[in-house]
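Protein chains in written order, with this note's numbering: chain U, 158 to 431; chain S, 308 to 519; chain V, 308 to 519.
So the structure is just underneath, and the comments pick up after that.
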């Protein structure tokens, strides 16, 4: 399922993760880490004081996500349980408990929204006493000095929320995995086998090479290509085994792969920024 | 009970339905009641007619009947026709209670929010609702209505731009209460005063804040 | 007609008389109506009891009955209990007409992130910035500032620990906006804990196995 994540400065990593996992029903490895990172960086940029605690917390979560993501992305070459897996399990439990807490308050927030929507249909009467009681009604300005008024004006004019700096436009996705997948499926369907070096000979940037590599990994994961590397650091040969029906880029396989585009986009974005 | 019943039928243009809020006349009556409940100023028959999508004559008949029924039922409020419009007001028979309430119970001070809004109107007049909301970062309508009802603030004109937004300014009464001759006697503001451009920019910045 | 009936009977302390405004209960009801008509904020049962010279319990019963009768008669207004007091408000069923009248434009809605933060404040108050940030996973300053500016949340004190962090809580306005009488009317938080299925789904999404 194709989706787009709108980075909103005020939405935190937990929100983002939850929204993606809960509502969009995407797998964890589809989560755009760069979105999360960008949101966080934007928050930090807007701070007068650097929040070390928050940053540490965030880095921990980001690290867990990267770890989990990379494991899901790579083929399961060795399945033995390693020691660090236990540490990972622990971290995962931690993350899970945070997500459960966050889910709870998300749901509570939605309920508050419902209550407010309901209540906002009724407008309160605020007319106050009519002129018959004017003489009696306490003068609301009694005791308000000119200085109070000046201070109130300064408060009101100063206490403006800071305008948000739009950051979305900074990210330029030169090429996404979705686009690459589309062309890879066509090229491979036609040529059947090609070295990765040849495949990326026309790449204009390292980004594009990376994105192609991710595309190939995805195709491998889907069982559409076979990979062969005779010697370490040698040429990687990509062989199409997906059948001829897949030469059409709009095939079901192509559709399924669109989600991965986010990852490519995110890596491209990060590379671009670095 | 935190709120007393919230069925969700007849909006404007909705066909009258059977049941409690049934007949067309009853819907119109209730709509008048709803509007007058939230109004701080008398509402003209013409405006009511527009809101209810019926003739001015029908509105007048309806209001007369409603007023008579309140009187007959011995309600504590009455529907009065004053200064070119209709309004709900406390019934004269219960003025004693109202006086005691006004003396003892009514808020005797402007809230901080109301004072800030009043101050912004005073210094930046003429200002529109939207500008006020943008400056304060909140919808200013409720507070504005209170200030108008209390006679501190009044409509002073219309924006010439598209939309012709109503512009607000302070009243003579406001000046008198604060012992000022003219607005130029207001103490000067120190520090940053946003220009119209800045206000507009703020308005824009606030807009994407809507729910996901 | 310039005003609809201004007979001059029962003020406070006046003996109930026979006739339309007759029975004691009806006088009390009408007095409540009169006071709420001129009020601009919710009026506490205690104050009403004082004005009417009757017990708080009787006032509460009376208001409940009055609210029920408005509802039953399909009135355009309702008598609601919010933020610790009673107020007249337009009936939700006629929001369409009222919105056309007040021209507020829909008040800008809170974002999901703001709502979630609001929920944390509501259920965990008093709460510090750091606690909020920890729960939401990011710095909460921006959202908090918005909630304060919109009048949902305010500083309510200082932590006694080192650093004396500012503590936040919900406001009277929060109760009014949500149509709640007191904070104890908030739906219990336990009702929002995700189901076992959801937790399992989250758990699965985090499982580091290679998916196919």
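All residues carry an ideal CB built from backbone N, CA and C; glycine is no exception.
Since the model is a prediction, treat every value here as computed from it, not as a measurement.
Expressed to the nearest angstrom, what Euclidean distance is found between the alpha-carbon atoms of residue 404/V and residue 457/S? Reading the third chain from its first residue, position 97 is the one you call residue 404/V. Reading the second chain from its first residue, position 150 is the one you call residue 457/S. So the two alpha carbons sit approximately 25 Å from each other.
Measuring only the C-alpha atoms, how far is residue 439/V from residue 508/V? Counted from its first residue, the third chain places residue 439/V at position 132. Counted from its first residue, the third chain places residue 508/V at position 201. If you take the alpha carbons of residue 439/V and residue 508/V, they lie about 25 Å apart.
Can you give me, in chain order, the residues of the segment 352-379 of chain U that have a beta carbon less than 9 Å from any beta carbon in chain S? none
When you compare the CB positions of residue 493/S and residue 305/U, do they come within less than 8 Å of one another, or not? Position 186 of the second chain holds residue 493/S. Position 148 of the first chain holds residue 305/U. Contact: no.
Taking only beta-carbon atoms, is residue 345/S less than 8 Å away from chain B? Chain labels in this structure do not include chain B; the protein chains are U, S and V.
Given 8 Å, three or more beta-carbon pairs between the segment 370-384 of chain V and the segment 259-266 of chain U: As far as the Cβ criterion goes, the segment 370-384 of chain V does not touch the segment 259-266 of chain U, which means the pair count is below three.
Does the CB of residue 351/S have a neighbour CB from chain V at under 8 Å? As a first step, residue 351/S must be located in the second chain, where it is residue number 44. Chain V, which has no Cβ nearer than 8 Å to the Cβ of residue 351/S, makes this no.
Alpha carbon to alpha carbon, how far is residue 357/S from residue 339/S? Locating residue 357/S in the second chain gives position 50, counting from the first residue. Locating residue 339/S in the second chain gives position 32, counting from the first residue. Computed Cα separation, rounded: 11 Å.
If you draw a straight line from the C-alpha of residue 402/V to the C-alpha of residue 269/U, how long is it? In the third chain, counting from the first residue as 1, residue 402/V sits at position 95. In the first chain, counting from the first residue as 1, residue 269/U sits at position 112. For residue 402/V and residue 269/U, the distance between alpha carbons rounds to 19 Å.
Contacts of residue 268/U in chain S (Cβ-Cβ under 7 Å): Position 111 of the first chain, counted from the start, is the residue given in the question as residue 268/U. The premise fails here: residue 268/U is roughly 14 Å from chain S at the closest Cβ pair, so nothing lies under 7 Å.
Between the beta-carbon of residue 461/S and the beta-carbon of residue 449/S, is there less than 8 Å? Position 154 of the second chain, counted from the start, is the residue given in the question as residue 461/S. Position 142 of the second chain, counted from the start, is the residue given in the question as residue 449/S. Here residue 461/S is not near residue 449/S, since their CB atoms are 8 Å or more apart.
If we cut at 8 Å on Cβ distances, does residue 506/V have a partner in chain U? By one-based count along the third chain, residue 506/V stands at place 199. Yes, residue 506/V counts as interfacial toward chain U.
What's the C-alpha gap between residue 255/U and residue 501/V? Taking the first residue of the first chain as position 1, residue 255/U is located at position 98. Taking the first residue of the third chain as position 1, residue 501/V is located at position 194. Approximately 12 Å, taken between the alpha carbons.
Alpha helix (DSSP H) segment containing residue 359/U, residue limits: Position 202 of the first chain, counted from the start, is the residue given in the question as residue 359/U. Segment: none, residue 359/U is in no alpha helix (DSSP H) and carries neither H nor E.
So with Cβ pairs under 8 Å, would you call residue 528/V a contact of chain U? With chain V covering only 308 through 519, there is no way to say anything about residue 528/V.
Taking 8 Å as the CB-CB limit, is residue 340/V close to chain S? Along the third chain, one-based indexing puts residue 340/V at 33. Output row for residue 340/V: interface = yes.
Which residues of chain S have a Cβ atom closer than 8 Å to the Cβ of residue 408/V, listed in chain order? For the purposes of this step, residue 408/V is taken as residue 101 along the third chain, with counting starting at 1. Near residue 408/V (Cβ distances below 8 Å), the residues of chain S are 342, 345, 346, 350, 354, 358.
Would residue 430/S count as contacting chain U if we go by Cβ distances under 8 Å? Position 123 of the second chain, counted from the start, is the residue given in the question as residue 430/S. At least one chain U Cβ lies under 8 Å of residue 430/S.
Endpoints, beta strand (DSSP E) assigned at residue 481/V: To locate residue 481/V, count along the third chain from 1; it is residue 174. Where residue 481/V is concerned, there is no enclosing beta strand (DSSP E), although the alpha helix (DSSP H) it sits in stretches over 479-485.
Residue 471/S at chain V interface by Cβ criterion, 8 Å: Locating residue 471/S in the second chain gives position 164, where the first residue counts as 1. Not one chain V Cβ lies under 8 Å of residue 471/S.
Output, in chain order, the set of chain S residues within a Cβ distance shorter than 7 Å of residue 287/U. To locate residue 287/U, count along the first chain from 1; it is residue 130. Per Cβ cutoff of 7 Å: 396.
Do we get a CB-CB distance below 8 Å when we pair residue 271/U with the residues of chain S? In the first chain, residue 271/U corresponds to position 114, counting from 1. At a cut-off of 8 Å between beta-carbon atoms, residue 271/U makes no contact with chain S.
What separation, rounded to the nearest whole angstrom, lies between the Cα atoms of residue 327/U and residue 337/U? Sequence index remark: in the first chain, residue 327/U carries index 170 (1-based). Sequence index remark: in the first chain, residue 337/U carries index 180 (1-based). Interpretation of residue 327/U is limited by its pLDDT of 38, a score under 50 that renders its predicted location unreliable; the figure taken from the coordinates is listed afterwards. For residue 327/U and residue 337/U, the distance between alpha carbons rounds to 22 Å.
Are the beta-carbon atoms of residue 384/V and residue 396/V separated by less than 8 Å? The residue you call residue 384/V lines up with position 77 of the third chain. The residue you call residue 396/V lines up with position 89 of the third chain. Yes, these two residues count as a Cβ contact at 8 Å.
For residue 399/U, name the three-state secondary structure that DSSP assigns. For the purposes of this step, residue 399/U is identified with residue 242 of the first chain, where counting begins at 1. Reduced to three states, the DSSP call for residue 399/U is coil.
Could you give the C-beta distance for residue 455/V and residue 465/V, rounded to a whole number, given that I count them as a contact under 8 Å? Indexing the third chain from 1 puts residue 455/V at position 148. Indexing the third chain from 1 puts residue 465/V at position 158. Between residue 465/V and residue 455/V the Cβ distance is about 16 Å, and since that is not below 8 Å, they are no contact.
Counting along the chain, where does the beta strand (DSSP E) carrying residue 350/S start and finish? Here residue 350/S refers to the residue found at position 43 of the second chain. Counted as a single uninterrupted DSSP element, the stretch harbouring residue 350/S is not any beta strand (DSSP E), since DSSP gives it neither H nor E.
Give a yes or no on whether the minimum CB-CB distance between residue 426/S and chain U is below 8 Å. By one-based count along the second chain, residue 426/S stands at place 119. So yes, residue 426/S belongs to the interface.
Got a sec: is the Cβ-Cβ distance from residue 279/U to anything in chain V below 8 Å? On the first chain, position 122 is the one that residue 279/U refers to. At least one chain V Cβ lies under 8 Å of residue 279/U.
With a threshold of 8 Å between beta carbons, is residue 503/V in contact with chain U? For this step, residue 503/V is matched to residue 196 along the third chain. No, no contact with chain U.
In DSSP terms, what residue 365/V is bridged to: Mapped onto the third chain, residue 365/V falls at position 58. DSSP output for residue 365/V lists no bridge partner at all.
Please list the segments of the alpha helix (DSSP H) lying wholly inside the segment 397-460 of chain S, counting only runs of 4 or more residues, in order along the chain. 402-407, 419-431, 436-443, 448-456
Taking C-beta to C-beta, are residue 485/U and residue 334/U nearer than 8 Å? Residue 485/U is absent from the model: chain U starts at 158 and stops at 431.
Would you mind sorting residue 364/S into buried or exposed? The rule is 16 or more other CB atoms within 10 Å of its CB. Residue mapping note: residue 364/S aligns to position 57 of the second chain, counting from 1. Under this definition residue 364/S is an exposed residue.
With DSSP as the reference, label residue 500/V as helix, strand or coil. To locate residue 500/V, count along the third chain from 1; it is residue 193. Residue state, collapsed to three classes: coil.
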